[in-house]
Every structure is written in C-alpha cells, then in structure tokens.
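In the working numbering, the protein residues as written are 12 to 230.
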C-alpha cells in the first residue's frame, strides 16, 4: 500500500515537473522573439473586397481599386488619443523609411475607422492634418456601419468596446499588390525599416510579375 502511494506521489510530482517545464518553455519562446517580428501568412483571401467607402475628402473609394500596389492597413478612430495615434505614428515612420524606388512605385497607407457613427469625412480630414498624413498615399475611410463591419470581420476584427468605450485594434496588416495578406505586425511595436523593407520586396515582386506578363493577381 505504501508503495502504491509512493508511486502515485512520484507520478504527480513528475506531471507537475513536466507542466512546469512546458510553461517555462512557453515563457522562453515568448521572450526570445520580440513583438516586432511579424506573423507571415499564405492566405488566398482577398483583403481588398469590392466595398465602396468614403475617404477624408468625401470621395468614394472602392477598396478593390487599391489592389495594384502594397497596402499597409490600420484601424483607428479619431477620438482615440493614445493607442490610435501611436499606431498612426508608426505607420508614418514606415512611410518615411520607404526607399525611393518603393515610394515612387506607389504604396497606400490605409486607415479604416472603427467608429463610422462618429468619424465622418471632416473628422478624418482633421485627423489626417493633426497627424501630418500628407500626400496621396494616405487614405482614411469611413462608411455605412454594415460596410465597416464587413471589412472588420474580413480582418478578424471584433466590433466591441473596451472599458474606455473605445475600440482598439493593435495590429497593422500588410497586403501584397494582389490584395492578399502578406504580414501582420503588432501595431504598437514595430521596426519601421523592417516593414519598409518588406514593402520594397513586395513592390519588386509585383514589378517582376508584371514584366513577365503574370500580373499582380498571382499574389
């Protein structure tokens, strides 16, 4: 009987040790890979659907019309004074870090509001001015709530509010020229030059495909 109890205790101790080892391994892996490292995707879903929204200049913009070039996508709302502005600043840093060739080839910085009830074109335009988002590459869009929800669902973004009554989407999505998802970055902690380099790579691939007559649709 004592031997059975002893064996039981030994198995319990061994199980606890294995669990502890597993947890330590998870902690080590989490610490070993910084948050700036992107998640790579091979999805065939098109993240620039045939949905027409309205930009900061009150002009209609079909998301599908942006498929010809790399697009860096972020979700914000103009009343957010912390997280959204920091993510926007990170996107601005990426734009500034773009090599001349990639910048000349055309890269879209797309900001989609998560609060279409409050964010109308004038609010988006003011946000763009306040955040120094100058140039044609910057597109801020709003639209009917059902259209915004469709886009958010496509990106796996849940339409929910936090304790401060604001929704924060702390991710940036990099799309290849065909509209498929290439990378997902933690929006609060990125390496601008790293993202800019990836955009340059996507631009070169698009140019090579076009020169071979393949077109961007093969992304």
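In this text, a Cβ means the ideal position worked out from N, Cα and C, and glycines have one as well.
Check: The stretch 95 to 115 in contact with the stretch 56 to 69 per 3-pair CB rule at 8 Å; Outcome: no
Check: For residue 196: DSSP bridge partner residues; Outcome: 183
Check: Pick from 160, 193, 103, 205 that is closest to residue 141, judged by C-alpha positions; Outcome: 103
Check: Environment of residue 68 [buried if 16+ CB atoms lie within 10 Å]; Outcome: exposed
Check: Residue 80 classed as buried or exposed, judged by whether at least 16 other C-beta atoms fall within 10 angstroms; Outcome: buried
Check: Residue span of the alpha helix (DSSP H) that contains residue 159, given as start and end; Outcome: 156 to 165
Check: Three CB pairs or more closer than 8 Å across the stretch 181 to 192 and the stretch 138 to 157; Outcome: no
Check: Proximity below 7 Å, CB of residue 154 to CB of residue 64; Outcome: yes
Check: Through-space distance from residue 119 to residue 270, alpha-carbon basis; Outcome: Only positions 12 to 230 of the chain appear in this structure, which leaves residue 270 out of reach.
Check: Whole-angstrom distance between residue 210 and residue 43, CA atom to CA atom; Outcome: At residue 43, the pLDDT of 35 sits below 50, so the modelled position is not reliable; the number obtained from the coordinates is stated separately. If I take the Cα positions, the gap works out to 25 Å.
Check: Residue 150 in three-state terms, based on DSSP; Outcome: strand
Check: Where the alpha helix (DSSP H) through residue 72 begins and ends; Outcome: Where residue 72 is concerned, there is no enclosing alpha helix (DSSP H), although the beta strand (DSSP E) it sits in stretches over 71 to 73.
Check: Residues near residue 159 by beta carbon distance below 6 Å, same chain, minus five either side; Outcome: 127
Check: Bridge-paired residues (DSSP) for residue 204; Outcome: In DSSP, residue 204 forms no bridge with anything.
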